[in-house]
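Student: Below you'll find the structure I mean.
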Amino acid sequence: MSETVIPTTVPTVTGREMAAIQDALTTRTLTGKGKYTALCQSWLESSMPDGGKAFVLTSCTSALEIAALLADLQPGDEVIVPSYTYVSTVNAFVVHGAVPVFVDLDDATMNVDVRLIEAAITPRTKAIVPVHYAGIACDMDGIMALAARHGLLVVEDAAQACGGTYRGRLLGTIGHLGCISFQEKKVFTSGGQGGALLVNQASLAARAETIYEHGTNRGQFLRGEVPVYHWLDVGINATMSEIQAAFLYPQLQAAPDILAHRRHLWARYHKRLAPLVQAGVLRLPVVPEGAVHNAAVFWFRLADAARRQAFIAYMADGGIVTQPQFVPLHSSPFGQRVGRFVGEDRVTTRAAAEVVLLPLYSDLAVEQQELVIARALAFWDGVTLKA
Ligand SMILES: Cc1ncc(COP(=O)(O)O)c(C=O)c1O
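Basically our numbering = 1-based index in the sequence shown + 117.
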C-alpha cells in the first residue's frame, strides 16, 4: 500500500467560508432565513423561471419530502423513477404511501430511458422523478412533453446536478419542482449537509412556503402581511441554518471556477481513458446533445463486471480509492416489497454492477489525477500481459 491516499471525493472548500460564517455570526439570525439564506436563494432564483421560488433546506431528502407533500399523494398513487438512484429519491414518496414504479435506464447516460416511461403510466401515476445521474441531464424535453400529455408532476432529482445545464437551463429549474443536494460529496456544499427545493411552477409556490414554514403562514407574518400566523396545513422543519448558508454562499459565488476545474479533470479522464474503450474493456459516459454536465463524479463501466473488485483492490494498493455506486432499488429488500419494475431490466442491473467512480473533487490536482490515470491504465496492461 502506498503512502499517499487519493480519495474518491473530498468536500469543496474555497477558503472564503470562515469569513462568511464570521459575518453571519454578527447578524445573530442563526436559525436561518437571514442574509446568507437570502443570498443563496437569490443565486438559485436568478436561473429560475419567473414566479419561481427557491428554499434552501437541511438536505435534498427534505426537498424531495416537500415535493412529495406538494404532489398530494394518496396511498397507492404511483411515482415513476429509475431504480439506479440513491434511496432518498424514492423514500420521500414511499413515506406517503406511494408505489415506486421503476423503469430501465438509457445505456449511454445511465439516466431514465424516456422511451420506456409511457408504458409505465397508469391511472394511478402522479409524478415522474427523473434523476440527473452524475450531473448529466436527462432528456427533459421528452419528459416534460410526456408529463404534459398525461397531466403529471415532474420532480427533478438534481441532487448531484447543481451547475449542470440542459439547453442552457440550470438542472433543477426545468421540472415543476427541482431538488438539489449540498451534502459534502456534491460539487457545492453547505458544510456537510444541505439542499434546496426549487419551485419552478408559480402555482405551487404559496403551498411550498406554507409547508416550509412548518404548515403555517409565518412567511406572510414575517413580511408584515398578516398580524399573526396560523396553522394551515401539514409542514416540516427543514430550514437550512444561517451558518450553513454562509458556508455555501462563497461556493456558489465561485461556481464558474469550481465547475471549470472539475470539468477540465472530467474531460482529461474521458480523453485519456478513451483507448480502453477502443480496446473493449470499458465504456465512458456520454453527454447528450444540449447537456452540459457539472463534473459531479466521473464514472466508467467495466465491460466485465466480474473484474470490478479486482480493479478497486488494485487501485487501493496504489493508494487510490475508487468505488461502486448504487445497488438498484428494485432488487433491494425494501424495493421488492414496496415497488415494481415495469418492462425489461436490460440496463439497470448490468450497468450498476459495472460502474466504478474515479477520484474527482475540486482540490484534485492534475498531477494527482495523472497518478490515477497511470494506475488505471496499468491495471489493463497487467491483464493484457497475463492473457
Ligand atoms: C440522486 C440523489 N438523490 C437524493 C440524494 C439525497 O441528498 P441529501 O443527502 O442531500 O439528502 C442523493 C445524495 O447523494 C442523491 O445522490
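The beta-carbon is built from N, C-alpha and C at its ideal position, and this holds for glycine as well.
For clarity, every value in this text was computed on a predicted model and none was experimentally measured.
Using three-state DSSP, classify T178 as helix, strand or coil.
Tutor: helix
Student: Relative to the alpha-carbon of A371, which residue among C157, V122, N317 has its alpha-carbon at the smallest distance?
Tutor: C157
Student: Going by C-alpha distance, which of V343, G281, G456, V351 is nearest Y329?
Tutor: V351
Student: Identify, in the order they occur along the chain, each residue of the same chain with its Cβ nearer than 8 Å to the Cβ of L376, setting aside the five sequence neighbours on each side.
Tutor: G280, V304, N411, A412
Student: For A275, which three-state DSSP category applies?
Tutor: strand
Student: Using only alpha-carbon positions, find the residue among I245, M227, A171, T226 that is nearest to E235.
Tutor: I245
Student: Run through the DSSP bridge pairs and tell me what Y283 is partnered with.
Tutor: R286, A408
Student: Residues in its own chain within less than 7 Å of A504 by CB, not counting five upstream and five downstream?
Tutor: For A504, the predicted structure reports a pLDDT of 36, less than 50, and the residue's modelled location is therefore unreliable. A value from the coordinates is still provided. Result list for A504: empty, nothing under 7 Å.
Student: Use the C-beta contact count for G308: other C-beta atoms within 10 angstroms, 16 or more gives buried, fewer gives exposed.
Tutor: buried
Student: List in chain order: all unbroken alpha helix (DSSP H) runs of 4+ residues lying wholly within the segment 163-241.
Tutor: The segment 163-241 contains these whole alpha helix (DSSP H) runs: 177-187, 205-211.
Student: Residues around ligand 1, please: the condition is that the C-beta lies closer than 6 Å to some non-hydrogen atom of it.
Tutor: S176, C177, T178, T202, Y203, S205, T206, V248, D274, A276, Q277, S298, Q300, G312
Student: Given A275, which residues of its chain have a CB within under 7 Å of its CB, disregarding the five upstream and five downstream residues?
Tutor: Result list for A275: H249, L288, G289, G295, C296, I297, in chain order.
Student: With distances taken Cα to Cα, identify the nearest neighbour of L263 among T465, M135, T242.
Tutor: Ranked by Cα distance from L263, the first of T465, M135, T242 is T242.
Student: Can you tell me where the alpha helix (DSSP H) holding R389 begins and where it ends?
Tutor: Per DSSP, R389 belongs to the alpha helix (DSSP H) from 372-395.
Student: Of the choices A215, L369, E301, whose alpha-carbon is the least far from that of V455?
Tutor: Minimum Cα distance to V455 is reached at A215.
Student: Would you mind working out which of V218, V272, G168 sits nearest A180, comparing C-alpha positions?
Tutor: Closest in alpha carbon position to A180, among V218, V272, G168, is V272.
Student: Just the C-alpha distance for I138 and V464, rounded to the nearest angstrom, thanks.
Tutor: Spanning the two alpha carbons is a distance of roughly 45 Å.
Student: Please state if the CB of L475 and the CB of T202 are separated by a distance shorter than 8 Å.
Tutor: L475 sits away from T202, with the two beta carbons spaced by 8 Å or more.
Student: Is DSSP giving Q486 helix, strand or coil here?
Tutor: helix
Student: Can you say whether A363 is buried or exposed, counting buried as having 16 or more other CB atoms within 10 angstroms of its CB?
Tutor: buried
Student: To which residues of the same chain is S358 closer than 7 Å at the C-beta, ignoring the five residues directly before and after it?
Tutor: L147, T148, G149
Student: Using alpha carbons as the reference points, say which of M432, L174, G312, R425 lies closest to N354.
Tutor: L174
Student: By a C-beta neighbour count over all protein chains shown, 10 Å radius and 16 as the cutoff for buried, is M135 buried or exposed?
Tutor: Exposed is the call here.
Student: Hey, how far is the Cα of V218 from the Cα of P128?
Tutor: 33 Å
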